[in-house]
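A.B. asks:
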Amino acid sequence: MPLNQDQQIFQQSTTTQNWGNIQGQTLVAGQGSLRRGMNYKLGAQAMAQINNLLNKWAELKILGSAEVSLLLQVQIQTPLDLFDEAGLAGRLQAVLKAAVAAGLSMNMTVKELLKILKNKPSGNGLSGELIELLLEESELEGYLYAQFAVGFMAYANFVMLGNLHKTATLGESGFQFVYEAGMGFIAGGGYRGGINFKFPDPAKLVNRYGNGLIEGIVNKAIDTQQEQALMLGTMLRIGVKSAYEVSRQLNEGTGSNTEKLAQTVLTFIGGQFQSLFFLTMNVFFKEEILRLLGLASLPAEQTTEVIQTLKGFNSFQLVPDNHEIFVRLDSLSALIQNEQLKREFVRSISALWVSALLLPLAVEAADKATIPTFTAQLSYQPPPAVKSAINTDLNRPSDTNLNQGDLLSFQLDKPLTIAIQHVDSVREIAAILKPAVSGTAQDAMKFLFSPSFPSTTGENSYRSTLGAINQAFDHYVDTEISARKTAISNTLAGEEEIKILFEQALIPCIQLTSDVLIPEIVNGFQNFDMKTMQEALSSVLLTMLGRSVIHVMDGIQTSVNKQIEGLLREAAGQAANVLGPLGAQDILKKPLEAAVKIIAEMVAPLTPEEQEQLFENALNIFTPIKGNAVDFANHLQSDPMWMPQMAEIEAIAKILINHLTDHMIQFALKLIPALFQALIDELLAIIERWLNEIAKILNTITDFITKLMQEKLMKELIEPVMEIAEKAADVLTFNIFSLIGAGKVKDEFFKGLRGAVEAIIQEAIIPPVVMTVKEIKFNPRKLVDLCRDVSNFTFTKFSEIFNDYIFGEIQNQLEKGLNMKNFKLDIKVPVSFSIDLPWPLGSQSFSHTFRLTDVLIPSSIVLDIVMNLIRNNLKLGGTSEYLFQMVVATIDNLKKVDQYKLDMADALKKYSN
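Start counting the sequence shown at 57; every next residue gets the next number (my numbering).
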């Protein structure tokens with residue numbers, strides 16, 4: 057399928073769900089039965105350190121009772137059966153069941169992935185082409201989740217498992233990768249990132265990848281060792297195809313039919329040998345034609361263009377549709393004077409034409425794991441000289457129309473005889489097949505193309521055939537391929553990844569096929585059980601496909617590491633949404649936010665060094681065959697728990713352990729303040745609510761004395777102010793009125809003075825007093841502070857403190873509000889009177905306003921009057937009782953706050969050690 061470079065790799069989701077239900081859970085869950093695995097016992101000191109920390113953390117009894125995860129467990133596993141599960145698993149976990157996942161949306165396209173991959177040697181050259189081929193035949197689906205949890209935990213998992221057949225555990229065929237890490241100290245979190253690398257058609261993928269890899273290696277070697285490279289490519293294809301198909305049949309249960317398995321392997325051998333035969337015939341007879349043209353001494357103007365055209369043709373793609381070149385070669389044959397040379401020339405053209413025609417048919421059949429019959433009619437006939445030569449060799453009239461069977465009969469006669477003399481690979485094929493026919497090399501080659509191939513007569517004919525050729529096949533692999541391995545490897549300089557695949561996947565694959573698989577099929581699996589056989593064969597497929605998979609996963613993880621901190625920090629804002637699913641109280645919101653942010657900073661991103669080492673270890677685990685492939689298989693059979701790359705999976709476990717131990721203490725130290733602050737903030741909020749309640753009650757006192765001033769202050773002030781006013785009036789002189797009755801005017805003045813004083817009090821004294829009283833503010837915190845350090849704090853003591861505080865605060869604020877200056881009054885006393893004048897004037901009415909200016913009323917007098925009024929009227933008994941209860945509760949909470957601060961300091965000291 058075409059590669060969509062704009063495809064987003066990660067699913068875009070921010071929904072929340074139970075942590076146990078998210079993708080990847082099957083991979084990270086510990087396994088009860090561990091074939092090629094174990095519960096890790098090494099690194100006990102580091103494991104003990106984590107366990108001790110978890111237990112020590114759990115001693116911190118705050119925020120209720122937080123669950124403690126089970127004792128830390130570590131599992132390591134390197135399963136090898138690609139038709140069950142194969143890969144690696146490093147599981148280090150003490151994880152809580154109660155946790156919530158929040159999806160993270162990360163942007164990464166296939167194009168961006170390819171750019172990352174090309175920054176490494178493995179992403180370029182042939183290995184880069186194979187990675188793109190792998191992506192074309194795959195479906196990528198990534199996922200990322202943030203974790204929120206309440207309790208004590210620590211976990212880190214690095215798992216990469218794959219299969220080439222649908223299984224109950226892993227589901228669809230492909231590879232799955234998960235990396236996750238997290239920890240919890242009452243509040244906790246982490247993240248899980250994973251990739252589902254799906255193979256919709258695993259058989260097609262193995263075929264395309266194997267062919268691409270082998271063809272690339274052959275093409276690099278063909279310039280210096282053409283025939284050896286072609287034969288090597290054929291044998292390697294047999295190995296890869298046999299490894300996949302036999303494993304598939306063993307997995308499906310049909311593997312117990314060894315006759316069918318023998319037929320399968322022989323079909324691969326036959327298809328590849330037939331394809332190689334026609335290919336080498338192409339190569340040989342093309343060169344033979346060029347040699348004979350040189351001997352014919354024809355004029356250059358007649359041959360130069362033909363020779364150049366023929367040299368430019370790719371022998372591996374030459375087909376008879378290139379009709380013109382064969383027509384021109386056919387016409388040149390008439391110009392050759394030497395009859396013997398002419399016959400050889402025409403026979404060579406004919407052999408080239410036949411092999412060019414039949415090669416695509418053989419290749420197509422080999423890809424489909426079938427054997428072609430070569431019986432069909434031809435859609436067109438060869439050029440006249442070619443047609444005549446073929447018919448002549450078949451002892452038929454020269455113009456007889458030919459079919460595929462005729463062409464094959466011709467090719468297996470004189471051209472085959474010539475090829476056996478000159479072409480190594482044809483002799484090698486014949487040598488491998490000869491034991492099955494007990495005849496000549498020609499007989500062996502004819503058996504290869506016989507309609508009955510690969511069957512022979514008798515019961516278990518396929519196994520008989522396979523058994524007959526086993527020794528010769530094995531001999532070729534052990535001698536020829538082993539001898540050529542170094543020379544071929546040298547041609548792969550600069551392609552280290554391809555060199556590894558060649559030496560540790562392809563070569564072991566054909567060695568296992570020849571030395572283990574074929575003998576076991578023949579003897580009915582007497583020395584190997586079928587499960588171990590699947591593991592041995594899968595090991596080479598795991599290396600061939602799995603290394604490219606790891607390179608892709610590494611590239612994706614590189615991008616995740618760059619983005620995960622920001623994604624988790626953003627996700628921390630969802631803490632409020634997960635409290636309900638977690639069954640947690642609101643008090644844990646801020647600690648959860650803090651925990652996820654700390655995880656984002658410290659735990660989630662792998663360092664570049666950690667990532668490089670983890671994936672390097674993974675590559676080595678996916679390359680399990682380091683020495684002799686047969687010894688490897690025997691070791692698998694003798695010990696079902698053996699892990700070929702034990703040191704590498706141990707290294708992964710140690711990296712995971714160190715990743716946790718390096719951060720657990722700092723995680724706790726950073727989270728402890730957030731945990732205690734949550735408690736303190738909750739208490740402070742309660743205290744603030746109590747203080748607000750106390751303030752409301754105290755405000756009613758202000759309201760009461762305000763109303764008191766408005767209603768009763770006049771009555772209390774009138775006499776003191778009158779006394780001062782009357783004294784001021786003594787300085788007034790009434791002499792001007794002596795002629796008309798000064799005494800009477802004076803009497804009228806003093807009668808009007810009280811009203812004038814009341815008016816001036818209402819105008820000049822009461823308003824500023826009332827305004828000042830209204831502004832009186834009582835500070836509930838100050839009241840509480842006055843009571844905090846009182847020993848044997850009782851209601852009686854509180855009442856004393858409360859009364860002193862209230863009346864002292866009133867007096868202080870009144871003094872400030874009134875500025876403690878004298879009130880300067882301007883008293884106006886209007887007087888009306890009548891005077892009896894002599895007749896005829898009679899009685900006359902007069903009015904006059906007397907003014908008492910700058911009459912000073914000391915503010916101290918006003919303050920004393922106000923305070924006496926308040927003291928005589930403000931009764932705090934009932935209010936005091938209620939306030940006492942609230943003050944006591946507030947003081948208790950303040951003491952808890954102080955204690956939490958001390959506990960926090962102790963905890964920081966304790967956990968820093």
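From the three backbone atoms N, C-alpha and C, an ideal C-beta is built for every residue, glycine too. Predicted model, so just to flag it, every value in this text is computed and none were measured.
#1: Apart from the five residues on each side of it in sequence, which residues of its chain come closer than 7 Å, Cβ to Cβ, to I921?
#2: For A243, tell me which candidate among F879, S594, D642 and D786 has the shortest Cα-Cα distance.
#3: Among F732, S435 and A277, which has the Cα closest to the Cα of E551?
#4: Determine the burial state of M876: buried for a count of at least 16 other Cβ atoms within 10 Å of its Cβ, exposed for fewer.
#5: Measuring only the C-alpha atoms, how far is A352 from T521?
#6: Using DSSP with H/G/I as helix, E/B as strand and the rest coil, what is D786?
#7: So which of N868, L557 and I743 has the shortest CA-CA distance to I270?
#8: For V274 and A285, what's the separation of their Cα atoms in angstroms?
#9: How far does the beta strand (DSSP E) with A155 in it extend, from its first residue to its last?
#10: What did DSSP end up calling S903 once you bin it into helix, strand or coil?
#11: Given a threshold of 16 other Cβ atoms within 10 Å of its Cβ, counted over all protein chains shown, does E192 qualify as buried or as exposed?
#12: Which value, in whole angstroms, describes the spacing of the CA atoms of S595 and F505?
#13: Can you confirm whether the stretch 184 to 204 touches the stretch 561 to 577 when touching is taken to mean that 3 or more C-beta pairs between the two stretches lie within less than 8 Å?
#14: Of the residues I883, E361, G326 and E738, which one's Cα is nearest the Cα of N949?
#15: Between V362 and R384, is the Cβ-Cβ spacing less than 9 Å?
#16: Within its chain, find whatever has a CB closer than 6 Å to the CB of T946; leave out the 5 residues flanking it on each side and keep chain order.
#17: E344 and G272: beta carbons closer than 9 Å?
#18: Applying the 10 Å Cβ sphere with the 16-neighbour rule, what's the burial state of D910?
#19: How far does the alpha helix (DSSP H) with M209 in it extend, from its first residue to its last?
#20: Kindly indicate which three-state DSSP category T70 falls into: helix, strand or coil?
#21: Out of N338, A390, L725 and L354, point me to the one whose CA is closest to L366's CA.
#22: Going straight from the alpha carbon of D718 to that of I655, what length do you get?
#23: Just verifying my parser: in three-state terms, what is the DSSP assignment at K986?
#24: Could you give the distance in angstroms between the alpha-carbon of V442 and the alpha-carbon of D462?
#25: Could you tell me which of S435, L414 and V801 sits nearest to S465, measuring between CA atoms?
#26: Determine the DSSP secondary structure at S888, reduced to helix, strand or coil.
#27: In whole angstroms, what separates the C-alpha of F849 from that of V953?
#28: What is the C-beta distance between G327 and A421, in whole angstroms, given that I count them as a contact (C-beta under 8 Å)?
#29: Restricting to Cα atoms, I'd like to know which of Q282, L623, P440 and Y300 is closest to R540.
#30: Using only the alpha-carbon positions, how far apart do L160 and T70 sit?
#31: Does the stretch 252 to 264 touch the stretch 226 to 233, meaning 3 or more C-beta pairs lie closer than 8 Å?
#32: With C-beta atoms as the reference, is G250 less than 9 Å away from I705?
#33: Would E236 be called buried (16 or more neighbouring beta carbons within 10 Å of its own) or exposed?
#34: How many Å lie between D279 and M287 at the Cα?
#35: Does DSSP put T223 in a helix, in a strand, or in coil?
#36: Compute the Euclidean distance between the alpha carbons of D480 and E395, then round it to the nearest angstrom.
C.D. replies: Taking the structure as given:
#1: Here the set comprises E772, L773 and P776.
#2: The option with the nearest alpha carbon to A243 is D642.
#3: Residue A277 is the option with its Cα nearest to E551.
#4: Residue environment: M876 is assigned as exposed (fewer than 16 neighbouring CB atoms within 10 Å of its CB, all protein chains considered).
#5: Straight-line Cα distance between these residues: approximately 45 Å.
#6: It is coil, neither helix nor strand.
#7: With distances taken between Cα atoms, I270 lies closest to L557.
#8: Their Cα atoms are separated by approximately 5 Å.
#9: Counting along the chain, the beta strand (DSSP E) containing A155 begins and ends at A155 to G159.
#10: DSSP places S903 in strand when its eight states are reduced to three.
#11: Around the beta carbon of E192, a 10 Å sphere encloses fewer than 16 other beta carbons of the protein chains shown; the residue is thus reported as exposed.
#12: Cα to Cα, S595 sits roughly 33 Å from F505.
#13: Output reads no: the stretch 184 to 204 does not touch the stretch 561 to 577.
#14: The shortest C-alpha separation from N949 is found at E738.
#15: In contact: V362 and R384 (Cβ atoms closer than 9 Å).
#16: Result list for T946: I743, W746 and V840, in chain order.
#17: Contact: no.
#18: It counts as exposed.
#19: Boundaries around M209 are those of the beta strand (DSSP E), E195 to N219, since no alpha helix (DSSP H) includes it.
#20: T70 sits in coil when the DSSP states are folded into three classes, being neither helix nor strand.
#21: Closest option to L366, Cα to Cα, is N338.
#22: Within the model, the alpha-carbon separation for D718 versus I655 is close to 13 Å.
#23: Residue 986 cannot be examined here, being either before or after the span of the chain that is shown, 57 to 969.
#24: Roughly 13 Å between the two C-alpha positions.
#25: Nearest C-alpha to S465 among S435, L414 and V801: L414.
#26: Strand.
#27: Approximately 19 Å, taken between the alpha carbons.
#28: The Cβ separation is near 6 Å, so the contact holds.
#29: The shortest CA-to-CA distance from R540 to any of Q282, L623, P440 and Y300 is the one to Q282.
#30: Whole-angstrom Cα-Cα distance: 5 Å.
#31: Yes, the stretch 226 to 233 is in contact with the stretch 252 to 264.
#32: By the CB criterion at 9 Å, G250 and I705 fall outside the cutoff.
#33: Buried, by the Cβ-count rule.
#34: Cα to Cα, the separation comes out at about 14 Å.
#35: Reduced to three states, the DSSP call for T223 is strand.
#36: So the two alpha carbons sit approximately 29 Å from each other.
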